[in-house]
Every structure is written in structure tokens, then in C-alpha cells.
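Using this note's numbering, you'd call the opening residue of the sequence shown number 212 and step up by one each time.
Quick reminder that beta carbons are idealized off the backbone N, C-alpha and C, glycines included.
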Amino acid sequence: MSTHQFHRQKLEMESFFYYNSITTFPKHEIFLQMFKSHVHHISMENDPTKIKITNNKIMLKTIFEHIWPKGRPSVKGRVILALSLLVGAKAIDRGTRGLNFILSAIVFNIVPTIFEVGLVTGVLVVLQMWRGIRPGVPGLHRRLHGLHLLRHLLAHEVPDPDE
């Protein structure tokens, strides 16, 4: 084999593997795409016009048919266990994301803000209350003292019923 033939054959092999790596969709990636909620299509083609739009139900059915061991009942239990663990892990991950959102958004942002606003409002209410009470006390004292004097005045003018 000449050097030219060798390089030509090597180039053909490289282009074959490159072409197949572009046009084929690895089967393990189909399974991984199941766990990404934003994916709505899977295609074995590189041409975007030939993409088949599908939903999660069809995708799960296709994946399950691909990985289900036909004629090997001993393996079926392990496949079911693996799939249930993956689905459970996805549910746990979604729950953890929800808890992280609640903790970061509500507990660590909203609750301290409400506490701080309430504390400042309470301090201002107490200060304003004292500010309103302080000038009111001498006025209240004058009114009550005036009522006391009026009572004494009226008590001396009213005749005693026993006399």
C-alpha cells in the first residue's frame, strides 16, 4: 500500500467517523434528555427540518422500548429498579430546587425585610407616641385640676340637706 493510498484511506475513515458522529444521536443521550424538561424533540438527523416533535410520554416509551431486555426476565427487575431510582432522583432534585428557592427567596430575603420594617415602624410609633404624650400631659393636668377646683367650688355653694 502506497503512502497516498494510506492517507486516502485514513481520510475516508476519519470523515466516516466524523459524519456518523454528527448524524447519529447517541442512545445514552436520548436517555439523558428525558431528564431535561426543556427538551421537546429528539432527532437522529442533523437536518433541523427533519426533527420529529415529540412529548415526554412518547420519549419515555421509546427509551423504555430501547432499554427493556427482551427475553431476559432476570434483568427486568434491575431495569425497573434503575428506572425508578432515576425517576425518584429527578423528583428529589426538583423538590430540593423548590426548597432552595423558598429558602433563598422567602426565608433569607422577605422575612428579614418584614422583620426590619416592623422593627423600624415599632420604634417610630413608640417615639411618636411619646412625642404626642409629652405635651398632652400638662394640658391634661390643667383640665383635671380645673375640674377639681370646680368640684370644691360647687361643694361650698351647695347647701347641706341636713340643715
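Just reading off the alpha helix (DSSP H) that G347 is part of, what are its end residues? 322–368 is the span of the alpha helix (DSSP H), which, as asked, contains G347.
K272 to G306 span [Cα, whole Å]: The straight-line gap separating the alpha-carbon atoms of K272 and G306 is approximately 25 Å.
Proximity of I303 and V290 at Cβ, strictly below 8 Å: It is not a contact, given that the beta carbons lie outside the stated cut-off.
Euclidean distance between Cα positions of F312 and E327: Answer to the nearest angstrom: the Cα atoms are 21 Å apart.
Can you tell me the Cα-Cα spacing of I233 and M270, whole angstroms? Caution applies to I233, whose pLDDT of 46 falls short of 50 and renders its modelled position unreliable; the model cannot decide the point.
Let me know the secondary structure DSSP gives K272 once reduced to three states. In the three-state scheme derived from DSSP, where H, G and I count as helix and E and B as strand, K272 is classed as helix.
Work out the CA separation of V334 and A366 for me, nearest whole Å. Inter-residue distance for A366 and V334 is about 47 Å (C-alpha atoms, whole angstroms).
Rounding to the nearest angstrom, what Cα-Cα distance links N266 and V331 in this structure? If I take the Cα positions, the gap works out to 53 Å.
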